[in-house]
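Here's the structure we're looking at; comments come further down.
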Amino acid sequence: MERTVEEPLPAVERRRVVKGAAWAAPVIAAAVAAPRAAASQGFWDVGVTGTCTTGLLGILGQPQLKFTITAVQGTVPAGTSFTLTSNSLLTVSALAASPGSLLAISLLSGSSALLTLTAPLVQGSSVTLDVMGQLITVGLIYTYTLQLNGNDHPANPAVEAPDSASLSALVQLNIGLRSLVCL
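Okay, so the sequence shown: first residue is 256 according to the working numbering, each after it adds one.
Take a look at the structure:
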């Protein structure tokens, strides 16, 4: 027997529709809640990069030897810490952070320092640590490494930013002036 459009559905079919809708509602609710739950877990990814620029010391446009900590994804929480290590003695007062209010710097040993974020670092923001003040002796190769302590929490670990960086440079005399050569 053929049905027409005007005829109502049999009672059994209506129950199936209602039952299917009852099962679908929690699935839809869970799918909508999943992104909110992911955001509430605090996914964040910090990137650490190093920059070494060759040049004469004490001259305009002088060389750079610095690390940059960037909130690549999400907000990096206050209290996140990094360790700076060196093959030479570190002088904490010679380390300069910009903006300086974002990093607390304390000496761990003669050749390592602890850097701690004093405020959250929001996505796209960064703080730079300049280590040029450490360079004093001609003929030495200086190596610095900055590394995140612990783990960040990227939403997609397959595309995670680097959590550490290393810089090596040599201070030498160049026409009577000290110069920095990146290695």
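Where a beta carbon is used, it is the ideal one built from N, C-alpha and C, also for glycine.
Query: Trp278 (DSSP reduced to helix, strand or coil); Result: Annotation note: pLDDT 47 at Trp278 (below 50); position unreliable, coordinate value reported separately. Here Trp278 sits in helix by DSSP.
Query: From Gly302, Thr392 and Gln317, residue whose alpha carbon lies closest to that of Thr308; Result: Gln317
Query: Gly310 - DSSP class collapsed to helix/strand/coil; Result: strand
Query: Ser361 classed as buried or exposed, judged by whether at least 16 other C-beta atoms fall within 10 angstroms; Result: exposed
Query: Euclidean distance between Cα positions of Asp300 and Ala424; Result: 28 Å
Query: Per-residue DSSP class, three states only, for Gln317; Result: coil
Query: The stretch 381-392 in contact with the stretch 344-362 per 3-pair CB rule at 8 Å; Result: yes
Query: Contact with chain D by Gln389, beta-carbon distance below 7 Å; Result: The chain inventory of the structure shown lacks chain D, comprising one protein chain alone.
Query: 6 Å CB neighbourhood of Ala280 in its chain, flanking five on each side removed; Result: At Ala280, the pLDDT of 46 sits below 50, so the modelled position is not reliable; the number obtained from the coordinates is stated separately. Excluding residues within five positions, none has a Cβ falling inside 6 Å.
Query: Supposed contact pair Asp385 and Val303 - C-beta distance, whole angstroms, cut 8 Å; Result: The Cβ separation is near 15 Å, so there is no contact.
Query: For Ser381 and Thr323, believed in contact at Cβ under 8 Å, the rounded distance; Result: 5 Å
Query: Residue range of the unbroken beta strand (DSSP E) whose run includes Asn429; Result: Ser419 to Asn429
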